[in-house]
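Asks: Per my numbering, the very first residue in the sequence shown carries number 6; after that it's consecutive.
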Amino acid sequence: MSTLRYSGLYIGTEVTFATPSPQKWVVEEKLTEKVHQTTRDGPPFAVFLNICHSPTDSNKKAFMRTYFQIPIAGTESQHPEVRQQQAAPPRKNRELNALKDLRLRQCPVVPTLLAYKEKKQDNDSLVPDGYIIYIV
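1. For K124 and G47, I'd like the C-alpha separation in whole angstroms.
2. Note down the Cα distance separating F50 from R110, rounded to an integer number of angstroms.
3. Which ranges would you report for the alpha helix (DSSP H) in the stretch 84–130 if only whole runs of at least 4 residues count?
4. Name the DSSP bridge partner or partners of R70?
5. Can you tell me the Cα-Cα spacing of H58 and V32, whole angstroms?
Structure below.
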C-alpha cells in the first residue's frame, strides 16, 4: 500500500525549514518509498526519498529524505483519534545525527546537510501527533 496519499508530501508540496537557516524546498519527484511495519526499535514508520528544488531556482536541486510514523497495520482506516493514541516521540535518527556531526566538522566528502526539521504530524495526517523528520 502506498502511504504517499496520506503523507502530505505530494509532488509540488513546499516544505519550510528554519534550521540551519530559513529556506524552502519543493517536492519534485518521488524516488523511493519504504515501509517498515514492524521494528524492534519503535513504532512502524515509512521513509521517502524525493528530489526537491528551491522555489526560487528550479535548477537548484537536492534530495529530501522524510521519515514519519505510520499507523499499526490494520488501523489505517480508523478514526484519527484512535490513530493519535499510537503517536510516539521521534526515533533517534542516525542519518540526521551523522550529517549534523559531519557538517559541524566541515567534512568535504559527504553530502552537505542543507536543512532539516523535526515536528509532529498534523491532525489530518497518518498518525496525528506522530513524528515526522525531513532531511535535505
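Idealized CB from N, CA, C, for every residue including glycine.
Replies: The short version:
1. 17 Å
2. 30 Å
3. 85–89 and 99–109
4. Beta-bridge pairing links R70 to L54 and I140.
5. 7 Å
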